[in-house]
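Heads up: the structure comes next, in structure tokens.
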Amino acid sequence: MSTPPLLGPTRVRFGVDPAAAIGGAWYPYTVQLADELPGLLASARAQFGDVTGIDVTWQSFRRLPGLDSPDSPATPPMMTLSTPVATVRLLVIPPRTASSLAAILLRLASNTVQPQASTYSLEFRRAERILELAARSVSSETRRPAVQ
């Protein structure tokens, strides 16, 4: 088994409240998520302990455009990490998303303070809309009756 190339630090931020509708965001470098998953799991382990389950809500990541594209999905891609102490829902930012929008999404999803001037930008408003869509999709999933 070959070692994947080192792309850089894992671009993930976890929020203060992991039980929030959106508990953070992950911005992988490539569409090869399996190659980047160990870095994400190591980051999660440091904060929450061992990850015992992973659930994703997208069909094929390879075909997803950036979240700033007119063809972006109506429901943003999400990933749920289950740990002994928390269940954390992460917005997964496709690598084709502009880095300026991704940086704002990482901050907003983790409840990190934004520079005051950026809150008036088009990118900031776009990021807020994306997170609202993601939170709505999470709340609609939790209201759905369980299939037995």
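Reading the sequence shown from the start, the letters are residues 50 to 197 in the numbering used here. Ideal Cβ placement from N, Cα and C applies to all residues, glycine included. Predicted model, so just to flag it, every value in this text is computed and none were measured.
Asked                                                                                                                                                       : Found
Measure the Cβ-Cβ separation of Ile142 and Tyr78 and say whether it is below 7 Å.                                                                           : no
Out of curiosity, what's the CA-to-CA distance linking Arg174 and Thr168?                                                                                   : 7 Å
Suppose the cutoff is 6 Å on Cβ atoms and the five residues either side in sequence are ignored; what does the same chain contact list for Val67 look like? : For the record, residue 67 in the displayed sequence is Pro; it is not Val. Here the set comprises Ala135, Val137.
Tell me, please, whether the region 84 to 98 touches the region 57 to 67 by the rule of three or more beta-carbon pairs shorter than 8 Å.                   : yes
Name, in chain order, the residues that DSSP records as bridge partners for Phe97.                                                                          : Looking at the DSSP assignment, Phe97 forms no beta bridge with any residue, so it has no partner.
Under 7 Å, do Ala176 and Leu154 count as touching if we go by C-beta distance?                                                                              : yes
Assign Ala93 to one of two classes, buried (16 or more other C-beta atoms within 10 Å of its C-beta) or exposed (fewer than that).                          : buried
Determine the direct distance from the alpha carbon of Pro87 to that of Pro194, and round the result to whole angstroms.                                    : Low local confidence applies: a pLDDT of 47 at Pro194 is under 50, so the model's placement there is unreliable, and no value is given.
Express the C-alpha separation of Leu157 and Pro164 in angstroms, rounding to a whole number.                                                               : 11 Å
Please state whether the Cβ-Cβ distance between Ser131 and Thr161 is less than 7 Å.                                                                         : no
If distances are taken between C-alpha atoms only, which option among Arg111, Arg112, Pro119, Trp107 comes closest to Pro207?                               : It is not possible to answer for residue 207, since the shown part of the chain is limited to 50 through 197.
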